[in-house]
Amino acid sequence: MLKLIKFLPWKIKILFIIGSFISLISVIFELITPTLISQFIRLLFIENKNSQVDLSFFNGLINFTFNNAINARNYMIYSIIVLTIISMSLTFGCTSLIVYAAERSSRYIRENFIRKLNTLSLKNISDLKPESLITRVSDDIAVFWEFLISATNVLTRAISMIIGGCILAVMNNVKMAIGLILLVPIILTIVSIMAKKASPSIKKAQLAVEEITKQVDENILGSRLIKIYDLYKNREEKFAKINKTWKNFNVNAGSIFVGIAPLFFGIFNLFVVVLYSLVVHDVISNVATYDTIVRFNIFIDYSFYVTFGVILGAVFISAFVKGKISATRVIEVLNTNEDKIYVSNGKKITKNFDLKVENLSFKYYSSNSNYTLHNISFSLPFGKTLGLVGPTGSGKSILANLLVNNYLYNEGSILIGDNEIKEVNTKNLHETIGIVYQDALLNTGTIKENMLFAKNDATDEEINQALRDACAYDFVYKFEENLDHVITQGATNLSGGQKQRLSIARTLLTKPKILILDNSTSALDNITAHQVLQNIKNKYSCSTIIISQKLPLIKNADEIIVLSDGNMLDKGNHEELMKSCSYYNESYNNQLSQ
């Protein structure tokens, strides 16, 4: 909790401090009001309304003398109206200021959260889990926002009311105040115990929200699969189960906190009954005077302020318990020791674009006994084409991601020219190496906006040329809006082949020196796929790495590497592999016969 508060800049912290100070002043004015109102009772006991009137405030600390009761009454009315207006204005001002500061805090944390997220490697993101990251950046920061408001406004008012109320109660009647002061720690202890009991349920409820987010995401992305296999009932039951779990945890936590207010008011009412009994006893015994009634009335008001302050304290404790859990989850991401894949001041590749991989080995965790890739070595001179083939799970896509430094490798080396890629400036590396994934990554927006992600100053002519080379120009210009055609979320209004061709066109727009096609022609027919590869070979000065299950597409590559279980099974050109590699021979012949 404190770590996330310290994370906020001082400009925002000062706003909270000012807001807390204004809240304190507001409470002081509120605490003065009961003393003023109680003086009306004194005026009721005055028999001669035209005689001089002496009013005493705060146990004689402040005294005023008036010519008559009417002047005293008017003074009291005006004073109470002025105090009320000032108190209301201060309360409105401090609340507005604190809410503004909390909004700025949320914005600041979210911006840094996203900035941190952009520096994480794919491994870091996988470890933290995407659904968890979504929940943390939305729900957890919103919960922390509530805590910030509660910690400044609510907590300040609670402490001020309890301390101020107790001090004024002691000044008013010491004997009665002793009972009130003893009551406060008892109630706070009960609240703390209840909060501690509710904490596990709150934490589990947050984890349940992550699972709900994950299932909703799966239902949206897999909507076609659900329809095809009639999985409505299965998915509804699965969602209902986790939704019920979330509900149960929240009910458990809520049922604990919901009993706090009735408990407080019950104790307060019993306390008031005892006080009234004592006053009635004094009246019956002819001991009570008008001053006794005035002091009793003031004491009841201050007792209410103290009790209300304790209730606000309970509200703060509730917000604190939730906020602490959420703050811990947010700071966990902000303090994540990310793999150092982003290099801001590294080397720059300008001339030699030959690619050389030597003894490259990789595993996700150092504690793992098995390598995902083991002892991979190959060279790709600039302008040549390399094919990567192998069964599913052989490590092809991992190798592609290592080449663009999406994962941190610790064994072996990847060189472009004489530069180790993990020492190369990240921006320069991405300008040098372009990669197109099998799952087309298109954002909601127009086609042109998606293309400009690659090159923000690209002209329409450059975009159109890239579209032609990726065989995407014809279908784009069949849309009524052409480049301004809007892509929906998840690009659901485009076919798989259309999405892949747009992704290829976007990468070609950067004119990379090394182009990696990671199964990015899988949704294209053979004629279109061959045409795209031919356009790249004839029109672009770059090396090309083609990862594909379609062996006829890569048969003309200068060199082909066959991977199996993370190991290099064989390498050579098409003719050599047809003779030396049984897996390649069988796969190629099977595809030709289909």
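The opening residue of the sequence shown carries number 1 in UniProt numbering; numbering runs sequentially from there. Virtual Cβ for every residue (Gly too), placed ideally from N, Cα, C.
Taking residue i and residue j to be in contact with their CB atoms under 8 Å, please state how far apart those CB atoms are, rounded to whole angstroms.
| i | j | result |
| --- | --- | --- |
| I516 | V389 | The pair is not a contact, with the Cβ atoms about 14 Å apart (cut-off 8 Å). |
| K384 | N405 | Going by Cβ atoms, the distance from K384 to N405 rounds to 21 Å, so no, they are not a contact pair. |
| V357 | I341 | Contact flag wrong, Cβ pair sits at about 17 Å. |
| Q500 | L533 | Actually they do not touch by this definition, with Cβ atoms about 13 Å apart. |
| D565 | S366 | Actually they do not touch by this definition, with Cβ atoms about 20 Å apart. |
| Y407 | L592 | That pair is no contact at about 35 Å. |
| I141 | R115 | Wrong, their Cβ atoms sit about 14 Å apart, outside the cutoff. |
| N573 | E559 | 6 Å |
| K241 | F378 | Not confirmed; about 49 Å, so no contact. |
| K455 | L509 | 5 Å |
| V424 | I349 | 6 Å |
Given residue i, which residues of its chain have a CB within under 7 Å of its CB, disregarding the five upstream and five downstream residues?
| i | result |
| --- | --- |
| residue 601 | Outside the modelled stretch of the chain, which goes from 1 to 594, sits residue 601, for which no answer is possible. |
| I12 | A101, R104, S105, Y108 |
| P512 | T432, I433, G434, C542 |
| W246 | A205, A208, V209, I212 |
| M568 | I376, I561 |
| K396 | L388, G390, I547, L563 |
| S361 | Y371, L373, H374, N375, E411, G412 |
| L467 | Y473, V476, A505 |
Taking 6 Å as the limit between beta carbons, can you name the residues of its chain near residue i, skipping five residues before and five after?
| i | result |
| --- | --- |
| E338 | T119, L120, N124 |
| N585 | M578 |
| F239 | Q215 |
| E30 | S87 |
| S503 | V436, A440 |
| Y305 | M161, G165 |
| V154 | L312, V315, F316 |
| V486 | T446 |
| S326 | D140, V143, F144 |
Checking the sheet assignment: what are the DSSP bridge partners for residue i?
| i | result |
| --- | --- |
| K539 | Answer is none; K539 lacks a bridge partner. |
| M568 | L563 |
| L415 | K356, E420 |
| V137 | Beta-bridge pairing links V137 to no other residue. |
| D518 | I547 |
| L388 | I547, I561 |
| N378 | The residue you asked about is not Asn; residue 378 is Phe in the sequence shown. Beta-bridge pairing links F378 to V357. |
| residue 639 | No information on residue 639 is available, as it lies outside the stretch 1 to 594 that the chain covers here. |
| V486 | T446 |
| F29 | According to DSSP, which records beta bridges pairwise, F29 is partnered with nothing at all. |
| F362 | L373 |
| K347 | V424 |
Starting from the Cα of residue i, find the closest Cα among the options and give me that residue.
| i | options | result |
| --- | --- | --- |
| I298 | S582, T35, K571, T432 | T35 |
| N410 | T444, S51, V476, N359 | N359 |
| V143 | I561, I178, Q206, M194 | Q206 |
| E494 | E461, N464, A454, D439 | The identity of residue 494 in the sequence shown is Leu, whereas the question assumes Glu. It is D439. |
| I17 | N50, L97, G445 | L97 |
| G497 | T91, Y364, S522 | S522 |
| V258 | N269, T307, A198 | A198 |
| P185 | A470, H530, V310 | V310 |
| L551 | Y540, N519, C94, K244 | N519 |
| I267 | N428, L399, T307 | T307 |
| P130 | F479, E480, V333, K233 | V333 |
| S51 | N68, L43, S38 | N68 |
| A491 | K478, L442, A529 | L442 |
| R329 | F113, L402, S277 | F113 |
| S26 | L90, N74, Q39 | L90 |
| G93 | P262, L128, L15 | L15 |
| P381 | I514, Y540, R295, D457 | I514 |
| A529 | D469, T189, H430 | D469 |
| Y364 | N335, L402, K347 | L402 |
Near residue i, what residues of its chain come up, given a Cβ to Cβ distance below 8 Å and the 5 sequence neighbours on each side ignored?
| i | result |
| --- | --- |
| T84 | T33 |
| I331 | K3, L4, F7 |
| F249 | S201, I202, K204, A205, A208 |
| V170 | A177, I181 |
Cβ contact (3+ pairs, closer than 8 Å) linking the stretch 261-273 and the stretch 136-150:
no
Can you confirm whether the stretch 412-426 touches the stretch 352-369 when touching is taken to mean that 3 or more C-beta pairs between the two stretches lie within less than 8 Å?
yes
Using 8 Å as the threshold, is the stretch 360-374 in touch with the stretch 573-593, meaning 3 or more CB pairs across them?
no
Do three or more CB pairs link the stretch 316-327 to the stretch 342-350 at distances below 8 Å?
no
Check whether the stretch 362-371 touches the stretch 438-457, taking contact to mean three or more Cβ pairs, one atom from each stretch, closer than 8 Å.
no
Using 8 Å as the threshold, is the stretch 298-308 in touch with the stretch 78-98, meaning 3 or more CB pairs across them?
no
Is it a yes or a no for the stretch 125-134 touching the stretch 169-186, going by three-plus beta-carbon pairs under 8 Å?
no
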